[in-house]
Structures are given as C-alpha cells and as structure tokens.
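As structure tokens, the structure follows; a few thoughts come after it.
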Amino acid sequence: MSHIDIETLIVGGGIAGLACAVHLKEHGRSVRLVERNDHLGGVIRTLSEGGYRIETGPNSLFLRPEDPLLDYVVKLGLERAVVQAGLTGKRRFILKGGKPVPLPTSILEAITTPALSLKGKLRLLQEPFIPPYEPNDPEDPTEETVAQFVSRRFGSDFLDWIIDPFVKGVYASSPEILSMEDTFPRLTALEDRYGSIIRGALAMQWGQKPPSSPLTRSIFSFSEGMGLLPKALADRLGTDAGTNAEVIGCTRNSEGFRTALLFDEETYYLHSRHVVLAGSATQTSELLQEISPESEGPLSEIPYAPIAVVSMGFSRKNVSHPLDGFGLLVPTKERRKILGILFSSSLFPGRAPEGQVLLTVFVGGMPNPKLAFAFDEDLIDIVQKEVETILGSKGQPDFLRIQRWEGAIPQYTLGHRTRIERLTETLPEGIHLAGSYLSGVSVSQSFTSGIEAARKILATPPQP
Ligand SMILES: Cc1cc2nc3c(=O)[nH]c(=O)nc-3n(C[C@H](O)[C@H](O)[C@H](O)COP(=O)(O)OP(=O)(O)OC[C@H]3O[C@@H](n4cnc5c(N)ncnc54)[C@H](O)[C@@H]3O)c2cc1C
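Using my numbering, the letters of the sequence shown map in sequence onto residues 1 to 464.
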C-alpha cells in the first residue's frame, strides 16, 4: 500500500511556487502548496490604505514573447485588468549634479542628453570597434563583473551614469560585484555572436517581427495592482494551497519524502514523491540540511540584498517636480542615501486619491545594507530629506508606510553559474528548486523557474 499523501509538495507560495503548483495541477497532477505567511504571493503584494494602492514589492511586469507568464496572463483572464505604462512610463530620470536629468528615449535625445559628457558619448560610439574580451594570461579573470564589461565596451561615463543606477534600480546592487554573464546573459551573448553589443542589437532589431502581443510592448501592471496575479493563481489552486503553515524539516523515506510542517502550533507530516523548494536560497539551504548537506555550500554562498520600501503620499501641489516619468535612479557618484524613487501614481492609474501623488522610495541594497534596517524615525527622516532635495517636496507626507525585506533580491555575483551547477549536481532525486536565485530575479523569470520545476516532474511517470 502506498503511503504517499500527495505526488508533489511545494514549499513556498511566492510566484515561483504558485507557478509550479498551477502548472502541475493543470496537467492533472496532485499538488499541495504550503506557505508560512498568512498570504500567498511572497514579495508580491498590493495593499489599499488611506486611499492609496501600494505595492510592497514589485511594481510592474515586463514580458518577452517566450515567457510562460505571457500565456498565463491570458489563460487566467487577467488581460482585461492590464494597465500599461504609457509614454510617461518610458521616461526615466537619473540624478546628476543633484538634479533629475531625463535619460534619452531616442537617438536625437542620446546626442543631446546631459546624462553623459561629450567624451562619454564619443567613447560610446567606439563600442562596435572594441574587440571581445579574451583572457590571455592565466592570471586574467575568466569572468567579468558588470563594471569590468561595461567600462571595457562602453567607457566609464556610461558605467557611472547609466548602468550603475540601472543596477541599483533592478538588483539593489553595484556593478562591481555582479557577474556580467549571469546578470545580463543576453548582452554577453551579443558580444559572443556579433563582437559588439551595438552591432548585435541593431542586427536583432532588423530581423525582429513586431510584437504579436501588446503585453510585450511595454511594462505593465493590473488595475487592482500586482497582487492580482498571485490571487488569480491561488484561485486556481483553491484548497490545494494553504497559508500559515511552515515547513520545518524534510527527510527521505522509501517512497519519497516525509515533510514536517508546523500549523497552529501542531506538527503534521506529509508524504510525497516530489518536493519543490520554492523559498529563497537561504531558506532552502535550511530545509536541505538533513537530506542534502552538500547543497548547503552553494546555496549559502548566494548573497541577498536587503531593501526598505517607503511609500509616501503627498498633495500634488506640495511636490514641485512634474513627476512626468517612471521614476528616478541615483548613481553612486551622487553620494545619496537612497537607491531610487518610483513615481508610482504617474506610472499607473488609481494609485493615489484625487489631487495626491504616491512616491515609492527604495533604500539599502548592497550599496548600503544597514540603512534598510534603520529605525523607522531615522529612515523617515532620511527619505523625507532626500525627496525634498531631489523632487522639491514640501512638508510632511500625508501618508507613509514602510516595508522591509531582509532578503529582497538574490545577487548573481561572480561564480553564480558554477554555484547553481554544483547545487543541481548535489540535489537528491525528487527534490526540485524554484525561485529568483536560479534564472533571473524578475517576477516573470521567477515564474519561469516554477514552470521549469513543474516540467521536470511532468517528465516523470504520474503516481499510480
Ligand atoms: C522591493 C522589491 C521590488 C521588486 N520590483 C520588481 C519589479 O518591479 N518587477 C519585477 O519583475 N521584479 C521585481 N522584484 C523581484 C521579484 O518580485 C522577485 O524576485 C520574485 O517575486 C521572487 O519570487 P519567489 O517566488 O522566488 O520568492 P518569494 O516571493 O520570496 O516567495 C518565497 C515564499 O516562500 C515562503 N517560504 C520560505 N520558506 C518557507 C517554509 N519553510 N515554509 C513555508 N513557506 C516558506 C516565503 O514565506 C515566501 O512567501 C522586486 C522585488 C522586491 C523585493
């Protein structure tokens, strides 16, 4: 007699775990997803407070035609709720000389932009003639950081004023520590194939068909906020997904795995053939201690950037900047205490009450991890002063909320790919991984990691 309760147990109800569970269920496989928090979605969560619609984690989605999430947005009936960032969403600012400067959105603007110096622009034009990197000496590193790659190909001005703030905005990190190949694999592939990023990008553009789905044209969210996505996935799972249940251990048995979970102060055991670990690398390493101690090394070597997200509401008339864009990123050279500011109410409709604006300020990250844990009063003081100096806000905000993420974004530092390969080799059969530390940090890439874990299970015969 089989002692298996369920074919697949999924630990973690973030977007990666949810994607895996829904995909398996759709293919007729039995699943159970357990989440220790009181809500599903992990870092994706939309809250409505004081008339504002706040994102505690991701604010927007960007999809490529090949992303599985594209099909799911349609399949889940979410297209009707899509809100796209219009032209405003294309305009991004960086801080330069203490002033917000728009980044170029066209060739003409690229020539005239004050974001780069004349020397920097001329250096940029040399990129097609720079030879690809070839380590000659055994002492030469085999892998480049983002900073090394970008300064070699595009020059230091482009690194300091374009890439450094971008890396802060997306990875809460610094180009000096991230691996180019693992963080921007598409760009290193262009260098490998065309010998130049600019030549490669132009060649790709000429050969490209116009996007078949409007969802791949620009960044978007949903009218109800990003939280609609995990909600729709959770609806598909119904009672196959449970919250407030923490997985505290996992051991092997003759038919698969025996997983212990804590619910309502009681310990329960679930027997399954497969286990998908869909928490962060740090959380996953704890659960693998007993069945795969050798996985601990590579998992614990993946650093995470902490972030504090400060949502602030102001009366429109109390902010002098027109907020006519996506937001503003802060280059390291500007020596500020914040990573960047999203102009949330300019990006999507319905984010702030009439006559008000919503700003989302990001603090901490790898450049300043301690600040993410500053006392509330200190954090508020810092953020308020920065917003006042940069965007010309006046007085106290009418609304304020702080969200802290201790392990917000995994860092694909030098050696990341080797770490993941080592990890995959050590995994016991029947244990699968999903999450943002595997093949990209975005919501869509994390979703894909869940689908990939599900595909591995689907490739095995179903439980009789
Ligand atoms: C502030 C912020 C802003 C971001 N902005 C964007 C953006 O605009 N666009 C974008 O594409 N991406 C963005 N990202 C990145 C993206 O949101 C995340 O990388 C992605 O959502 C991670 O999903 P996940 O499922 O891998 O992990 P998580 O969301 O962390 O989910 C993991 C879940 O596992 C649960 N768990 C862990 N251990 C256990 C256990 N033992 N038992 C039970 N449950 C457990 C956790 O409680 C958690 O809910 C942002 C991230 C942050 C933090």
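All C-beta atoms, glycine included, are put in the ideal place defined by N, C-alpha and C.
Please report the straight-line C-alpha distance between residue i and residue j, rounded to a whole angstrom.
i           : j           : result
residue 83  : residue 60  : 10 Å
residue 175 : residue 16  : 26 Å
residue 422 : residue 374 : 36 Å
residue 325 : residue 243 : 37 Å
residue 300 : residue 415 : 13 Å
residue 456 : residue 291 : 20 Å
residue 125 : residue 143 : 25 Å
residue 315 : residue 4   : 58 Å
residue 310 : residue 50  : 15 Å
residue 195 : residue 101 : 31 Å
residue 40  : residue 231 : 7 Å
residue 148 : residue 193 : 19 Å
residue 80  : residue 136 : 55 Å
residue 406 : residue 235 : 28 Å
residue 91  : residue 312 : 21 Å
residue 342 : residue 356 : 15 Å
Is there at least one non-hydrogen atom of ligand 1 closer than 7 Å to the beta-carbon of residue i?
i           : result
residue 169 : no
residue 287 : yes
residue 84  : no
residue 276 : no
residue 246 : yes
residue 283 : yes
residue 35  : yes
residue 307 : yes
residue 443 : yes
residue 16  : yes
residue 228 : no
residue 303 : no
residue 295 : no
residue 59  : yes
residue 218 : no
If we count the other Cβ atoms within 10 Å of its Cβ and call it buried at 16 or more, is residue i buried or exposed?
i           : result
residue 168 : buried
residue 269 : exposed
residue 186 : exposed
residue 1   : For residue 1, the predicted model reports a pLDDT of 46, less than 50, meaning its position is unreliable; a value from the coordinates is still stated below. When all chains shown are included, residue 1 counts as exposed.
residue 140 : exposed
residue 289 : exposed
residue 64  : exposed
residue 23  : buried
residue 225 : buried
Starting from residue i and walking both ways along the beta strand (DSSP E), at which residues does that stretch end?
i           : result
residue 220 : 220-222
residue 68  : No beta strand (DSSP E) contains residue 68, which is instead part of the alpha helix (DSSP H) from 68-75.
residue 154 : That residue, residue 154, is in no beta strand (DSSP E); its alpha helix (DSSP H) goes 146-154.
residue 437 : Where residue 437 is concerned, there is no enclosing beta strand (DSSP E), given that its DSSP letter is neither H nor E.
residue 252 : 245-253
residue 93  : 92-96
residue 62  : No beta strand (DSSP E) holds residue 62; DSSP gives it neither H nor E.
Where do the ends of the alpha helix (DSSP H) carrying residue i lie?
i           : result
residue 411 : First-last for residue 411: undefined, no H or E at that position.
residue 386 : 376-391
residue 524 : This structure cannot settle anything about residue 524, because the visible part of the chain is limited to 1 through 464.
residue 541 : Residue 541 lies beyond the stretch modelled for the chain, which goes from 1 to 464, so this question has no answer here.
residue 281 : 281-287
residue 263 : Counting along the chain, residue 263 falls outside any alpha helix (DSSP H), though it belongs to the beta strand (DSSP E) covering 256-263.
residue 230 : 228-237
residue 119 : 118-125
Closer than 7 Å by C-beta to residue i: which residues in its own chain qualify, once you throw out the five before and the five after it? Chain order, please.
i           : result
residue 376 : 402
residue 178 : 145, 146, 167, 171, 411, 412 and 413
residue 350 : 53 and 223
residue 219 : 60, 61, 62, 85 and 89
Is the Cβ of residue i closer than 8 Å to any Cβ of chain D?
i           : result
residue 422 : Among the protein chains of the structure shown there is no chain D, as only one such chain exists.
In chain order, what residues of the same chain lie with their CB nearer than 8 Å to the CB of residue i, ignoring the 5 residues before and after it?
i           : result
residue 389 : 98
residue 439 : 445, 448, 449 and 452
residue 201 : 190
residue 132 : 191, 192 and 195
Output needed for residue i: all residues of its chain with C-beta closer than 6 Å, excluding positions within five of it in sequence on either side, in chain order.
i           : result
residue 364 : 306, 307, 308, 371 and 372
residue 394 : 318
residue 262 : 246 and 248
residue 21  : 10, 31, 33 and 237
residue 43  : 57
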